[in-house]
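What follows is one structure encoded as structure tokens, with my remarks underneath.
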Amino acid sequence: MSEPGALILIVEDEPSVRRSLRTILLDCGFRVVEAETAAEAVLRAREHNPDLVLLDLGLPDRDGLTVVTAMRAWSLAPVIVLSARGQEDDKVTALDSGADDYLMKPFSANELLARIRVALRHVAQRTPLRDPVVELGDVRVDLGRRVVTRSGQEIHLTPHEYKLLEVLLRHADRVVTHRQLLNEVWGPGHSTETRYLRVYMVALRQKLEPVPGRPRWIITEPGVGYRLRLDRELASS
Amino acid sequence: MNRTELDGDRPDPEALLEVARAEEARAKRGELKIFFGAAPGVGKTYAMLEAARRARAEKIDVVVGVVETHGRSETAALLEGLERLAPRTIEYRGKPLQEFDLEAALARRPGLLLVDELAHTNVPGSQHRKRWQDVDLLLSSGIDIYTTLNVQHLESLNDVVAQITWVRVRETVPDAVFDRADDVELCDLPADELLERLQEGKVYLPEQARHATEAFFRKGNLLALRELALRRMAQRVDSDVHAYRRAHGISTTWAMSERILVCIGPSQNGPRLVRAAARMAAGLRAEWIALHVETPRLALVRVTGRGTLAETIRLAESLGAEVVNIGGESIGERILEYARARNVTRLVVGKPSQPRWRELLGGSVLDTLVRGSGAIDVHVISGDEGPLARRPTLQPATPSGASPIPYAWAVAGVVGVTGVCTLLYSYIDLSDIIMLYLLVIMVTAARFGRGPSILAAVVSVAAFNFCFVPPFYTFAVADARYMLTFGVMLLVGIVISGLTERVRMQAEAARGREQRTAILYSLSRELAQLRHKQSIGTSAARHVAELAGGRVVVLVAGADDSLTPLQGTDVELVADPLEQAAARQALERGPAGAGTDTLSSAKALYVPLQAVGRTIGVLGVTTGDPVRLRHLAEQELLAAMSGQVALALHRVLLAQEAQQAELRARTEELRGALLSSVSHDLRTPLTAISTAASVLGQAGPMADEKRREFASSIYEEALGLGRLVTNLLHMTRLETPGVALRREWTPLEDPIGAALTRLERALGRHMVNVSLAPDLPPVLLDEVLFEHLMLNLLENAAKYTPPGSAIDVSARVEGASVVVEVADRGGGIPAGQEDRIFEKYFRVGGPAQGGFGLGLAICRAIAVAHGGTITAANRPQGGALFCVTMPIGEETQTALPSAQEATA
């Protein structure tokens, strides 16, 4: 459940959007701080040390990205980027430079709250997935024993496939960019070879998904990366 | 020739129009004021500087471009406090020379610029050959100019001055420049005072020219020059008065009544003739024509003679003549024909320079003219060429020239015939022998021209005498009657050689003409078939190179004033900035580069390509030989060829413009459709949103369910608006020229899966069956765009089919493509509209139906951008079937090393 009392910094220059966000968040028991510009955002963040930041990328003074970079120098608080469609590059850059997730405008209150919940949960857990066993429908992933089974039958995964699954699970419900996946599974130096990644993802889906053509667990975020979706509230954006 | 005279109170409208036009041109041009004097030292520069100081006092931005003080302190004092442009230093033959900096002046753009000595010749390597050309350019860019000029530098007075002073002035200014000046101020000084100043050392004389110049400053000379200057000034004032009267309707009786025709040829006194005609025309205020009749013989006159002709023609043009070139055999008759056709009133010809006996033999042009002139006055200008002229050198160009070989052949021919005749002497008659000799003379004339054939005639007579006339083998003649035989034989030989030579020349001239016509014909025929700028350029370059035997480049002017060389022509030729400058000059101001007066240090000659009153490009041609280029510049053939090329290019450009206009019209139409579509599509959801929101905002209790319904309606409509905006954005991006797709090797599972996930809610009430073939290879595509395509197709299917019906998504490989199908079981597509539904803003059933009219158009745009296709059809069992075919892209199989590892 959401953690009442968590302090959320809203960085958004549009007053109407800011107002809706404030209303939604206050209704749900969060505390809210607001900033209109990138400079103000950095200032407020230092002042209040928020638990989470909602960041609009198109700010009047500077690129929202600079806020992410500045924050990451001293804070681990999750940053959720709010962006319009068609700005895939900006999203990827923001994620790669330390943002935790993104939400595409226009979004619904439910989606927003779901993302905030996921982000806060990841912070609270620190070591995510305390429970080493995760169930994806009839597929059971035992991270402790490194075994994957479907209805008791073991599914054979190659080492890379298993590692991919593990990374996705570690970031469950959050988007993971192509670059992050490549870095974590193949190591730095392979971060541009998305083609391998995509082929592995097809193979992984074929082994795990009931209908690989219409994935239920491993969701593609076009132009950005993948998301392993455990929380059904999380509609794809 | 009198024009219809108008009512005395009203000015001639045409003349008024002319005045208005001239005034308009002047409004844009800067004003030129000339300080005019009879000789150096009368104080022109001084007067100019004084005027400049007055102008500065009136707050005019005065800059000194170039002023020679010649070390005189009075003049230098006047210069003080005036802004001066630094001179440009040009390296010429190893010596640094200072020159007026035209570019700096253009960049500085003062209100008034002082440029001393209008007649100055620029250092080679400058943009223009003469300073007055610099001044012309400055004027046309709107800068006012003060300048100085001496009377002896006026082109039309050049000979007169030379006759008076015996000093030929090489630096001249066309009279047109003087006449066009807005203001001329005469700086006058009596001869005695000038001489006094000279003695006091107040007149600058260059050291090396002191001697010659002193001869110039004799009192008689100075008096004559002063008279000339005053007269020229009076003439100018007179024409000013005329202009004034015309503008104010004071005189309407003035009309052009005289037309002068001057006949020019490749003779050294051509320029003199032209100047005389120019003076006469100016005095009579008549228009004048310079006519050159090209006879077969003249067509072959050597290039040296041609050079003189070219200079004469150029001079005539610069003095304001209309230059006409006609062809014909008889010069006199052609001149008369032309003169009558043009209603010429006065004919100006030179005194004949050929000896009298030739006139008696061949007739003289002058004679023909005088006898046939009728009402036309004939003015014969002195053939006396003045103190400094040279005799004309008019040499026919025999191909073999001065080579001794033809003469050897002539002698050998005669010797051969003599041998044959010696052998056959007992069988043939003496008259046959004479015939054989005449045959040799004729063949020699036909083959080698006049000189060798005359030699053959002489040698024949000698050989005939030596071998066949008793006493044999001596040159003595026993019978005096043979002397007559010899005489007749020699005469016949010479006449035959003359006739044969003439025929040969005519044939050669004809051949030359034919060759030129053939080149022109083949060019025009070829150009007529070409449809691309490139191929026109290549064809033009080939033909011109055939004519000129050098390198050729064709440049096309763009809308932004750029000049782009056409590929396929010699692009490297214009790599040099100097060449580019010359080409630009040609585009803006007519022929330039080698062989012309402008930027003549360029390698190539550039002529503008003009078609239908519009300069669309430049043709550049270079041969190793500048004389040949100069010759080319004069020739009408190059002009004709460039005209053909220009027409062809113009045709192509017109076609392109028509195409663009059509495109624009279509864009306009689409914009209209967009406006109506968007206004409808935006208004509908906006109305729904605002209504629902206002209901929600009303005070008072409301059932929770009702409230939720309104809220959800707002949410759905807002999402719809968001999609509309996304569609518009994608469409714009796809229509931006040169937009790059972000293609990556992508398994179709990714974008199709993403689209299905995103539409989970919208597709919730449909049965979606997905069947992707197991062997689907990754496809080279833009994932985001392809997902959008699938999104639009699926959304369309969801919208137009009843809930609960099935939507089938499938993908398979077909050859080098993948085929993705989305099939539904709705009402299908109205017959005949399968293709139209992909058009922008088209909606099935018209606007009333709702929907965005853009989704399918974007699907098609995305498919096409990937090199694929999209089609729509109705399924036989009912419902619509959309079929997207995408090329897989190259090297699919090779670059998948991971495929093996994936199963390992």
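Chains A and F supply the protein sequences, listed in that same order. Take the first sequence: its position 112, counting from 1, is numbered 114 in my numbering, and each next residue is one higher. Take the second sequence: its position 179, counting from 1, is numbered 1110 in my numbering, and each next residue is one higher. Yeah, the Cβ is synthetic: ideal placement off N, Cα and C, and Gly gets one too. As the structure is a computational prediction, the values presented were derived from the model and not from experiment.
Under 8 Å between C-beta atoms of Ala1387 of chain F and Gly1350 of chain F: no
Would you say Glu90 of chain A faces chain F, with C-beta separation under 8 Å as the test? yes
Output yes if chain F places a C-beta closer than 8 Å to the C-beta of Thr222 of chain A; else output no. yes
With distances taken from CA atoms, which of F:Pro1508, F:Ile1262 and F:Ser1198 is nearest Thr1239 of chain F? F:Ser1198
Continuous alpha helix (DSSP H) assignments of at least 4 residues falling wholly in the stretch 1532-1597 of chain F: 1557-1565
DSSP has Ser85 of chain A in a bridge; who is on the other side? A:Met106
Would DSSP call Tyr1404 of chain F helix, strand or coil? coil
Neighbourhood of Ala1217 of chain F by C-beta distance below 8 Å, restricted to the same chain and skipping five residues each side: Met1187, Ser1188, Glu1189, Arg1190, Ile1191, Met1211, Thr1276 and Arg1277
Nearest candidate by alpha-carbon position, reference Pro1508 of chain F, set F:Gly1526, F:Ala1490, F:Pro1522 and F:Ser1532: F:Ser1532
Which same chain residues end up closer than 8 Å to Cys1352 of chain F when comparing Cβ atoms and leaving out the 5 residues on each side of it in sequence? Ile1359, Ile1364, Leu1367, Cys1398 and Phe1399
Mind pulling the chain A residues with CB within less than 8 Å of Asn1678 of chain F? Here residue 1678 of chain F turns out to be Pro, not Asn, going by the sequence shown. Neighbours of Pro1678 of chain F on chain A, chain order: Arg200, Val201, Met203 and Val204.
With DSSP collapsed to three states, give me the class of Tyr1358 of chain F. coil
Please name the residue, chosen from A:Arg181, A:Arg147 and A:Val136, that lies closest to Leu210 of chain A on a Cα-to-Cα basis. A:Val136
Give me the Cα-Cα distance between Arg20 of chain A and Ala101 of chain A, rounded to the nearest whole angstrom. 20 Å
Are the beta-carbon atoms belonging to Ala96 of chain A and Tyr104 of chain A less than 8 Å from one another? yes
Please confirm if the stretch 172-183 of chain A is in contact with the stretch 212-220 of chain A, defined as three or more CB-CB distances below 8 Å between the two stretches. no
Residues of chain F with CB under 8 Å from Ser110 of chain A, in chain order? Tyr1646
Applying the criterion that 16 or more other CB atoms from any shown protein chain within 10 Å of the CB defines a buried residue, is Asn1396 of chain F buried or exposed? buried
Considering Ile26 of chain A, what are the terminal residues of the alpha helix (DSSP H) in which it resides? Pro17 to Asp29
To the nearest angstrom, report how far apart Leu1085 of chain F and Met1164 of chain F are at their CA atoms. 12 Å
Could you give the distance in angstroms between the alpha-carbon of Arg1271 of chain F and the alpha-carbon of Ala1209 of chain F? 20 Å
When Cβ atoms are compared, which residues of the stretch 1691-1711 of chain F fall closer than 8 Å to chain A? Glu1691, Arg1692, Val1699, Val1701, Ser1702, Leu1703 and Pro1709
How long is the line joining the alpha carbons of Val1234 of chain F and Val1390 of chain F, rounded to whole angstroms? Note that Val1234 of chain F scores a pLDDT of 44, beneath 50, so its modelled location is shaky and nothing firm can be said.
In the structure shown, what three-state DSSP assignment does Thr1078 of chain F receive? strand
Please state whether the Cβ-Cβ distance between Ser1470 of chain F and Leu1461 of chain F is less than 8 Å. yes
By a C-beta neighbour count over all protein chains shown, 10 Å radius and 16 as the cutoff for buried, is Lys990 of chain F buried or exposed? exposed
In the DSSP assignment, what are the bridge partners of His1310 of chain F? F:Val1279
Reduced DSSP category for Gly189 of chain A - H, G, I as helix; E, B as strand; rest coil: coil
Three-state secondary structure assigned by DSSP to Arg229 of chain A: strand
Along the chain, where does the beta strand (DSSP E) containing Leu1712 of chain F start, and where does it finish? Val1710 to Asp1713
Quick check: the Cα distance between Val1254 of chain F and Leu1222 of chain F, rounded to an integer number of angstroms? 6 Å
Taking Leu1504 of chain F as the reference, which of F:Val1484, F:Gln1516 and F:Met1420 has the closest Cα? F:Val1484
Classify Asp1739 of chain F as helix, strand or coil using the three-state DSSP reduction. strand
Give a yes or no on whether the minimum CB-CB distance between Thr894 of chain F and chain A is below 8 Å. Residue 894 of chain F is absent from the model: chain F starts at 932 and stops at 1835.
What does the Cβ neighbour count give for Gly1799 of chain F, buried or exposed, with the cut at 16 atoms within 10 Å? buried
Would you say the stretch 1577-1584 of chain F touches the stretch 1539-1550 of chain F, given that touching needs at least three Cβ pairs under 8 Å? yes
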